[in-house]
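A short worksheet on the structure shown next.
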Amino acid sequence: MDEQAPSASSRVDRIAEPWGTRTPYGPGERWPVRVDTHLAEGVGDEDVDRWVPTASILHSNGDGLDIAVRDGRIVGVRGRAEDRVNHGRLGPKDLYGWQANNSADRLTKPLIRRDGALVETDWDTAMEAVAGRTKALLAERGPSSIGFYTTGQLFLEEYYTLGLIAHGGIGTSHVDGNTRLCTATAAAALKESFASDGQPGSYTDIDHADVICLYGHNMAETQTVLWTRILDRLAGPNPPQVLCVDPRETPVARHATVHLAPRPGTNVMLMNALLREILEHNWVDEAYVEAHAVGYAELEMMLDGYTVERAAEVCGVPPADLREAARIIGGAERLLSTVLQGFYQSHQATAAAVQVNNIHIVRGMLGRPGCSVLQMNGQPTAQNTRECGADGDLPAFRNWSNDAHIEDLARVWNVDPMDIPHYTAPTHAMQMMRYVEDGSIRFLYVTATNPAVSMPELRRMRRILSQERLFLVVQDIFLSETAQLADVVLPAATWGEKTGTFTNVDRTVHLSEKAVDPPGEARSDLDILLDYARRLDLRDQDGAPLVKWSTAEEAFEGWKECTRGRPCDYTGMSYDKLRGSGGIQWPCNDEHPDGTERIYVDG
Ligand SMILES: Nc1nc2c(c(=O)[nH]1)N[C@H]1C(S)=C(S)[C@@H](COP(=O)(O)OP(=O)(O)OC[C@H]3O[C@@H](n4cnc5c(=O)[nH]c(N)nc54)[C@H](O)[C@@H]3O)O[C@H]1N2
Ligand SMILES: Nc1nc2c(c(=O)[nH]1)N[C@H]1C(S)=C(S)[C@@H](COP(=O)(O)OP(=O)(O)OC[C@H]3O[C@@H](n4cnc5c(=O)[nH]c(N)nc54)[C@H](O)[C@@H]3O)O[C@H]1N2
Ligand SMILES: [Mo]
1 MDEQAPSASS
11 RVDRIAEPWG
21 TRTPYGPGER
31 WPVRVDTHLA
41 EGVGDEDVDR
51 WVPTASILHS
61 NGDGLDIAVR
71 DGRIVGVRGR
81 AEDRVNHGRL
91 GPKDLYGWQA
101 NNSADRLTKP
111 LIRRDGALVE
121 TDWDTAMEAV
131 AGRTKALLAE
141 RGPSSIGFYT
151 TGQLFLEEYY
161 TLGLIAHGGI
171 GTSHVDGNTR
181 LCTATAAAAL
191 KESFASDGQP
201 GSYTDIDHAD
211 VICLYGHNMA
221 ETQTVLWTRI
231 LDRLAGPNPP
241 QVLCVDPRET
251 PVARHATVHL
261 APRPGTNVML
271 MNALLREILE
281 HNWVDEAYVE
291 AHAVGYAELE
301 MMLDGYTVER
311 AAEVCGVPPA
321 DLREAARIIG
331 GAERLLSTVL
341 QGFYQSHQAT
351 AAAVQVNNIH
361 IVRGMLGRPG
371 CSVLQMNGQP
381 TAQNTRECGA
391 DGDLPAFRNW
401 SNDAHIEDLA
411 RVWNVDPMDI
421 PHYTAPTHAM
431 QMMRYVEDGS
441 IRFLYVTATN
451 PAVSMPELRR
461 MRRILSQERL
471 FLVVQDIFLS
481 ETAQLADVVL
491 PAATWGEKTG
501 TFTNVDRTVH
511 LSEKAVDPPG
521 EARSDLDILL
531 DYARRLDLRD
541 QDGAPLVKWS
551 TAEEAFEGWK
561 ECTRGRPCDY
571 TGMSYDKLRG
581 SGGIQWPCND
591 EHPDGTERIY
601 VDG
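Count the sequence shown with UniProt numbering and you get residues 1 to 603, in order.
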């Protein structure tokens, strides 16, 4: 790869200048390297004992970076030039986020509630209390009294282990992630349009696109390095045209060729009008639709009446701007769209997101360089929550209502199919809270999320979580607002202090290696879950331990088997192959040993 001297970003205030300097490039060219570094005050390159490879875990971009270690502590980070995601660049959160690892407020010992107050205890006492209450409830009230609420910020191996314990061991369908509050819509919209979760395209589509549309996505501030890639295209020859759909004058809007600022909550109306305009002008790839799409006639019928004039009135957008936006999309040769919270956390989220997919389907803009939809994630490892069965899905995108999928999963886990609850969809987070409120869930195990702050209806949520009859376990790295309500608090090790893998929005998998020891007695989330499974004595149908691994790498090997032949096939990867790879995109198997940049290339 082209070499370039590390930039002096450690001396630039990257909070004031989040995107750093421009490295312009043209369509189809390789995005130039720019290596960003930040080291603690008074630490020079020569003071660093070793650099440990990982990727960012503070947003869904997955920027590759190395952790600088000195005297057993994290003292900084450096972007990885050879990483396919960032080509060395780091954003403000990447550059400074590691400082939280070193915070004096970290949890260092397990806590247990005694006479109303949380007091320090030892691991054995804490875990016996957690496992003991689980066993007692299983005996008295059955698996449906147990719930798990997790996150988009753990590692793949941890979600898969949690999914196995909950679905395959305890046999509860009360398992969800805070991804429910975040990007559940991405999964729903992808399933609706393509029959499976998983992004069609790749971040490299930015390098090729001639039109880039951002729907309710303030990428400039929330995925800064990805935005840097677009800024570098905009600064280069033959820049792409940019469409921004956002009620606010965001930095994205300021770079847009056309900025549509709809009234909040009117996305579906706006999308319907854009699509209708595209159909009216026959900016449709008829051959593609004929060969690969179903439901076109229904779409056409449904769009009837959604005129530009009507949308202009409802959305509060000038009709001429809507026409211009449709014309730009209609004339695109390589169209890339991204979608995030302005669509997902608004009215009719899935419908609005699906209309973006539909634009790509009717225009035949999929599977070629520059032609893709990125139904974005927000949290760094939300893709894995979804893949591994730690949210409202079963592992490796298996469908709870498909008996063949359940049988196949039971084979992988060596359990009886009837031991995996699949009488209905896994319970979503808000419904789980309702069950806690009603008293049917009596045990809630919360990992790496802070529902006492991030859920809707906070006053109600805090009341629910404070109930006497609820046994609340909180596994966190800080004494969060939720942890303060817990019966047992388990101190976790985090990124940089444990090893594991995670997958970003464009299906890129990174290995994150342990760089330093966790503070005090904190343990990795994986180790805590394994301890929990051992104490519950979970068994497969031959009486062997249900969870058959004791390290992250072994868990990854187990996960590979679970994905064999599935859309998210990881069987061609290994820790060794990931090490220093610059990231590998699934599916990766015998057929695609180096991973797969775009899926659905054959329509
Ligand atoms: N610095 C930083 N970065 C982050 C995070 C963070 O906490 N801090 N969090 C990460 C996470 S978890 C997430 S989910 C992402 C979120 O990333 P984004 O989705 O990019 O950010 P938001 O600000 O939530 O929403 C995007 C835009 O939606 C617009 N919007 C609001 N209502 C509507 C509407 O009805 N229609 C349309 N079209 N637009 C609307 C808003 O004006 C806003 O600019 O960011 C990730 N990155
Ligand atoms: N009002 C309002 N509510 C919102 C949103 C909003 O914009 N406004 N945004 C929504 C969105 S998009 C999201 S993603 C959610 C986010 O909601 P939360 O997930 O509740 O938010 P975080 O503050 O990221 O909480 C993560 C927790 O995990 C802990 N943690 C970090 N690393 C580790 C680790 O390695 N192991 C363990 N065990 N713990 C760890 C942190 O200390 C922290 O307590 O909030 C949603 N709710
Ligand atoms: Mo999020």
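Beta carbons are placed, not taken as given, at the ideal position from N, Cα and C, and that holds for glycine.
Comparing alpha-carbon positions, which option in the options lies nearest residue i?
i           : options               : result
residue 505 : 349, 287 and 376      : 376
residue 300 : 115, 242, 359 and 252 : 359
residue 37  : 26, 49, 14 and 252    : 14
residue 292 : 193, 314, 353 and 309 : 193
residue 55  : 259, 524, 501 and 592 : 501
residue 159 : 51, 39 and 387        : 387
residue 18  : 307, 313 and 228      : 228
residue 485 : 476, 154 and 495      : 476
residue 454 : 481, 190, 277 and 140 : 481
residue 83  : 263, 204, 560 and 137 : 204
residue 575 : 48, 551 and 162       : 551
residue 415 : 44, 67, 542 and 65    : 542
residue 425 : 437, 445, 412 and 390 : 390
residue 495 : 29, 21 and 53         : 53
residue 466 : 545, 447 and 436      : 436
residue 367 : 312, 450 and 288      : 288
residue 598 : 525, 365, 353 and 165 : 365
residue 94  : 230, 308, 58 and 100  : 58
residue 399 : 264, 191 and 39       : 191
residue 314 : 298, 290, 261 and 325 : 261
If you measure between the beta carbons of residue i and residue j, is that distance less than 8 angstroms?
i           : j           : result
residue 370 : residue 327 : no
residue 508 : residue 583 : yes
residue 285 : residue 31  : no
residue 85  : residue 61  : yes
residue 63  : residue 26  : no
residue 348 : residue 245 : no
residue 514 : residue 499 : yes
residue 106 : residue 343 : no
residue 412 : residue 278 : no
residue 441 : residue 422 : no
residue 379 : residue 179 : yes
residue 51  : residue 68  : yes
residue 183 : residue 220 : no
With respect to 7 angstroms, is the separation between the Cβ of residue i and the closest non-hydrogen atom of ligand 1 below this value?
i           : result
residue 315 : no
residue 346 : yes
residue 222 : yes
residue 215 : yes
residue 374 : no
residue 432 : no
residue 250 : yes
residue 456 : no
residue 428 : no
residue 412 : no
residue 218 : yes
Is the beta carbon of residue i within less than 7 angstroms of some heavy atom of ligand 2?
i           : result
residue 477 : yes
residue 178 : yes
residue 395 : no
residue 103 : no
residue 504 : no
I believe residue i touches residue j by the beta-carbon criterion, under 8 angstroms. Please report the beta-carbon distance rounded to the nearest angstrom.
i           : j           : result
residue 110 : residue 470 : That belief does not hold up - the Cβ atoms of residue 110 and residue 470 are roughly 19 angstroms apart, past 8 angstroms.
residue 588 : residue 573 : 5 angstroms
residue 538 : residue 147 : Contact flag wrong, Cβ pair sits at about 17 angstroms.
residue 516 : residue 76  : Rounded, the Cβ-Cβ distance is 12 angstroms, inconsistent with contact.
residue 188 : residue 350 : 5 angstroms
residue 243 : residue 257 : 7 angstroms
residue 79  : residue 88  : 4 angstroms
residue 273 : residue 311 : 3 angstroms
Would you say the beta carbon of residue i is closer than 7 angstroms to some non-hydrogen atom of ligand 3?
i           : result
residue 383 : no
residue 182 : yes
residue 153 : no
residue 378 : yes
Is residue i near ligand 5, going by C-beta to nearest heavy atom under 7 angstroms?
i           : result
residue 343 : Although ligand 5 was asked about, the structure shown includes only ligand 1, ligand 2 and ligand 3 as ligands.
Are the segment 520-540 and the segment 118-135 touching, with three or more C-beta to C-beta distances below 8 angstroms?
Judged by pairs of C-beta atoms under 8 angstroms, the segment 520-540 touches the segment 118-135, as three or more such pairs exist.
Would you call the segment 212-225 in contact with the segment 337-351, where contact means no fewer than 3 C-beta pairs closer than 8 angstroms?
Touching, yes.
Three CB pairs or more closer than 8 angstroms across the segment 315-331 and the segment 391-401
By the criterion of at least three beta-carbon pairs nearer than 8 angstroms, the segment 315-331 is not in contact with the segment 391-401.
So, does the segment 93-113 touch the segment 139-156, judging by three or more C-beta pairs under 8 angstroms?
The answer is no - the segment 139-156 does not touch the segment 93-113, with fewer than three Cβ pairs under 8 angstroms.
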